[in-house]
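Chains as they are written, first to last, in this note's numbering: chain A, 280 to 499; chain B, 280 to 499.
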């Protein structure tokens, strides 16, 4: 089962959100993230959180939604939504609205990718592309010319990346390293790591990244 | 010596950038980041990068700037600027324009905090506040009510945090954990870790974070 979870960061474009909704079997929104949905003509199946941010008239706005109150402060609303998705049988979860805005929220949300690496097919999408994490191996499907970046926050050993312009062969990656803005040369890339966790971002060709002149070389 | 480096992410507000400039002894801008400066009446001392993004008439726009061409692709422009800052005697470095925009750029730039943790007094600032990393201990000076968040991307052992509403005492922090939106109860907080690296974000009271209703509790 494929679950879409909308968090309260930067809202994806309406067209992307609509596509994501159509692809998902179940649509959860955390707390305040639901506020923008009525204007878009969309309704989540479940609204979950401590309800400190959702509009007071949420029950009226979403008459068919299930409201789940999760005041427990040991986990963030987004992590609670993830746990619920897993409880309900999710095998694949897409997070939207999980980036942008406050950097501390962005970092803890990217941290969730690391937390669930190897346990769940989990990705964060935004209008630029998608971000995933692996502690093992991953196939990234796309188009030649798509941008692919790998980030690490601790040394990663035995990193191999094929199907890209600058392949890596059993290499060591360090935090802040230059594995940014590689690009696909085939329909898919293969990424693997022997020890550590890799965070990989795949930017779609023709996506928002095309607004920048991207030479495929390392950028700040 | 305090060095300010402006990267090519989301531009800080003009007032923040002006304050940062005044505080710094040396102002470096990476490549395309310099483009916005003439309109603000500001000029960097050094422009550094592979010059694939800076305006063609940069020499004319910044007649007093030193241009350093760094085509080497083993490091990002921002890391190259950091290495130059250190070479020129920096003891403290502030990065601006290093967040926002593409998530892969944001992650690799936050990775630089991890790379230099314990070796340099390094921080990333934006209009919300500032983000630093520590593999040892740190004092965060601010005001009661300021928001403080700690993120990790690998398990961190022996984390202690005092001077805040929800202190931590020799605890284990895991990726995606809820150490977000704590708040200062004193003029400063003390953060330390026995094993691992902590990324700490300090949001100023009355800063952009105040736009959200922040109860000081965990958020997605």
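Idealized CB from N, CA, C, for every residue including glycine.
Notebook entry, point to check: Identify the residues that DSSP records as bridge partners of residue 348/A: which are they?
Noted result: 328/A
Notebook entry, point to check: At which residue ranges does the stretch 406-472 of chain A contain complete beta strand (DSSP E) runs of 3 or more residues, listed in the order of the chain?
Noted result: 408-413, 416-420, 426-430, 435-441, 447-452, 467-471
Next item on the list: Return the Cβ separation of residue 426/A and residue 471/A in integer angstroms, given the expectation that the two are a contact with Cβ distance under 8 Å.
Entry: Contact doesn't hold; Cβ gap of about 20 Å is too wide.
Margin query: Can you look up residue 476/A in the DSSP assignment and give me helix, strand or coil?
Written below: coil
Check: In its own chain, which residues sit with a C-beta less than 8 Å from the C-beta of residue 467/A, not counting the 5 before and 5 after it?
Finding: The beta carbon of residue 467/A lies closer than 8 Å to those of 418, 419, 420, 421, 442 in the same chain, with the five residues before and after it left out.
Next item on the list: Using a cut-off of 7 Å between C-beta atoms, extract the partners of residue 478/A located in chain B.
Entry: 386
Item checked: Residue burial classification, residue 356/B (beta-carbon count within 10 angstroms, cutoff 16) -> With 16 or more other Cβ atoms within 10 Å, it is buried.
Item checked: Proximity below 7 Å, CB of residue 459/A to CB of residue 459/B -> no
Notebook entry, point to check: What in chain B is Cβ-close to residue 390/A, meaning under 9 Å?
Noted result: Within 9 Å Cβ-Cβ: 430, 431, 432, 453, 454, 455, 456.
Margin query: Give me, in chain order, the residues of the same chain whose beta-carbon lies closer than 6 Å to that of residue 305/B; leave out the 5 immediate sequence neighbours on both sides.
Written below: 282, 324
Note to self: Distance cutoff 7 Å, beta carbons only. Does residue 382/A sit that close to anything in chain B?
What the structure shows: Under the Cβ distance rule, residue 382/A counts among the residues neighbouring chain B, one pair being separated by less than 7 Å.
Next item on the list: Check whether the Cβ atoms of residue 393/A and residue 373/A lie closer than 7 Å to each other.
Entry: Contact annotation: residue 393/A and residue 373/A have beta-carbon atoms that are not nearer than 7 Å.
Item checked: Nonlocal neighbours in the same chain, by C-beta distance under 7 Å from residue 337/B, ignoring five residues either side -> 313, 326
Notebook entry, point to check: Residues of chain A with a CB under 7 Å from the CB of residue 378/B: which are they?
Noted result: 382
Check: Counting contacts by CB-CB distance shorter than 7 Å, is residue 415/B in contact with chain A?
Finding: no
Notebook entry, point to check: Would the beta-carbon of residue 414/A fall within 7 Å of that of residue 430/A?
Noted result: no
Check: Helix, strand or coil for residue 400/B per DSSP?
Finding: strand
Margin query: What does DSSP give as the partner residue(s) for residue 306/A in the beta ladder?
Written below: 283/A
Item checked: Closer than 7 Å to chain B by CB, residue 358/A -> yes
Notebook entry, point to check: Going by Cα to Cα distance, which pick from 376/B, 360/B, 428/B is closest to residue 223/B?
Noted result: Residue 223/B lies beyond the residue range present for chain B, which begins at 280 and ends at 499; the question has no answer from this structure.
Item checked: Cutoff 7 Å; reference residue 497/A; Cβ partners in own chain excluding five residues on either side -> A caution first: residue 497/A carries a pLDDT of 39, below 50, which makes its placement in the model unreliable, though a value can still be read off. Same-chain partners within the cutoff: 457, 459, 460.
Note to self: Looking only at its chain, what residues have a beta carbon closer than 8 Å to the beta carbon of residue 362/A, apart from the 5 residues adjacent to it on each side?
What the structure shows: Counting only Cβ-Cβ distances below 8 Å, and skipping sequence neighbours, we find 354.
Checklist line | residue 405/A: contacting residues in chain B (beta-carbon distance under 8 Å) | finding: Simply 382.
Margin query: Tell me the residue span of the alpha helix (DSSP H) that contains residue 364/B.
Written below: 356-366
Checklist line | Neighbourhood of residue 474/B by C-beta distance below 8 Å, restricted to the same chain and skipping five residues each side | finding: 435, 436, 437
Check: If you check the beta carbons only, do residue 480/A and residue 385/A fall under 7 Å apart?
Finding: no
Item checked: Test: residue 439/B CB closer than 7 Å to a CB of chain A -> no
Margin query: Suppose you measure from the CA of residue 478/A to the CA of residue 412/A; what does that come to, to the nearest Å?
Written below: 4 Å
Check: From what residue to what residue does the alpha helix (DSSP H) around residue 337/B run?
Finding: 337-340
Margin query: Rounded to whole angstroms, what is the Cα-Cα separation between residue 311/A and residue 291/A?
Written below: 14 Å
Item checked: Classification of residue 416/A by the beta-carbon crowding that lies within 10 angstroms, buried from 16 upward -> Exposed, by the Cβ-count rule.
Next item on the list: Please state if the CB of residue 308/A and the CB of residue 285/A are separated by a distance shorter than 7 Å.
Entry: yes
Checklist line | The alpha helix (DSSP H) enclosing residue 385/B, as first and last residue numbers | finding: Its alpha helix (DSSP H) spans residues 382-394.
Next item on the list: Please check if any C-beta of chain B sits within less than 7 Å of the C-beta of residue 459/A.
Entry: yes
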